[in-house]
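Quick note, my numbering runs 54 ahead of the 1-based positions in the sequence shown.
Just so you know, even glycine gets a beta-carbon here, dropped at the ideal spot from N, CA and C.
Remember, predicted model here, so these are calculated numbers, not experimental data.
First up is the structure itself, then whatever we jot down about it.
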Amino acid sequence: MSVASGVHIVFFTTYFRHGSLTGGKVDLVLSCVDNFEARMTVNTACNEENQVWMESGVSENAVSGHIQYIEPGRTACFACVPPLVVASNIDERTLKREGVCAASLPTTMAVVAGFLVQNTLKYLLNFGEVSMYVGYNALVDFFPRQEMRPNDQCDDRFCRQRQKEYQAKKASEATVEVPVATPEEIIHEDNSWGIELVDESKVEEKTTVVGNGLEYAYELPKESEIEIESLKIPIKPASEEPSETSKQDLAALMSQLKGL
55 MSVASGVHIV FFTTYFRHGS LTGGKVDLVL SCVDNFEARM TVNTACNEEN
105 QVWMESGVSE NAVSGHIQYI EPGRTACFAC VPPLVVASNI DERTLKREGV
155 CAASLPTTMA VVAGFLVQNT LKYLLNFGEV SMYVGYNALV DFFPRQEMRP
205 NDQCDDRFCR QRQKEYQAKK ASEATVEVPV ATPEEIIHED NSWGIELVDE
255 SKVEEKTTVV GNGLEYAYEL PKESEIEIES LKIPIKPASE EPSETSKQDL
305 AALMSQLKGL
């Protein structure tokens, strides 16, 4: 029986709903099929169930491959940008000759499988950045990475439905205002010592009235007086001749020293 039959689509959708260890919906679906018809079947089932999945594949000549993260409505599904064989509605079985199989290169398959597993771990364990699409060309070691947008004219009706749901979800999230939490001032319940935090940058004047006959030994200057005093810079003349009085005092001092 072909995997693309309606029976298998029903099987996939049922498994997606109840296939987890707890009997609920599965977290992620990995597609490793080897033909386009099977990919379209998995794509239809995932779009119908709104199931996130990752698709992977290796080319017929086995020297290139890719992985693709598909989230219905947000990213392009497999039918949004189908290969030429799928877009042209060509039966894939007519392209294969009897007795001739596709090329097989285990190293290419191992590289693509490694990309698929690494992207899966990032998605399930929520670390790093999940790649939407990663390609691999073994001939020149080229690794293109890009994001694929959904096609609003996709042939899959479930894909178009998921796109509308995703756009409505984005519009609702944009209108919802998230309240900004203001930090509350921490107040201790017990303060037996009466400790208070005082801002040292502010100068507080004492308002205590002293008794009669008493006065402060030092009066705190006002801020205006402090600013004025700070602007007063004493300037000493560069050359200052000694006065006559200082000369006489010096001569008298020398005569006293000689008389000792």
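The Cβ atoms of residue 133 and residue 97 lie closer than 8 Å to each other.
Looking from the CA of residue 125, the closest CA among 95, 305 and 217 belongs to 217. For residue 103, the uninterrupted alpha helix (DSSP H) run begins and ends at 90–103, by DSSP. For the set 238, 189, 194 and 195, the Cα lying nearest the Cα of residue 202 is the one of 189.
When C-beta atoms of the region 205–221 are compared with those of the region 176–195, fewer than three pairs fall below 8 Å, so the two segments do not count as touching.
DSSP places residue 178 in the helix class (H, G or I) of the three-state scheme. A Cβ-Cβ separation of about 5 Å places residue 115 in contact with residue 157 under the 8 Å criterion. When the five nearest sequence neighbours on each side are left out, the beta carbons in the same chain lying within less than 7 Å of the beta carbon of residue 219 are those of 127, in order along the chain. Counting other Cβ atoms within 10 Å of its Cβ, residue 68 stays below 16 and is therefore classed as exposed.
One alpha carbon belongs to residue 83, the other to residue 238, and they sit about 46 Å apart. Per DSSP, the unbroken beta strand (DSSP E) holding residue 121 starts and ends at 118–124. Judged by DSSP in its simplified three-state form, residue 199 adopts strand.
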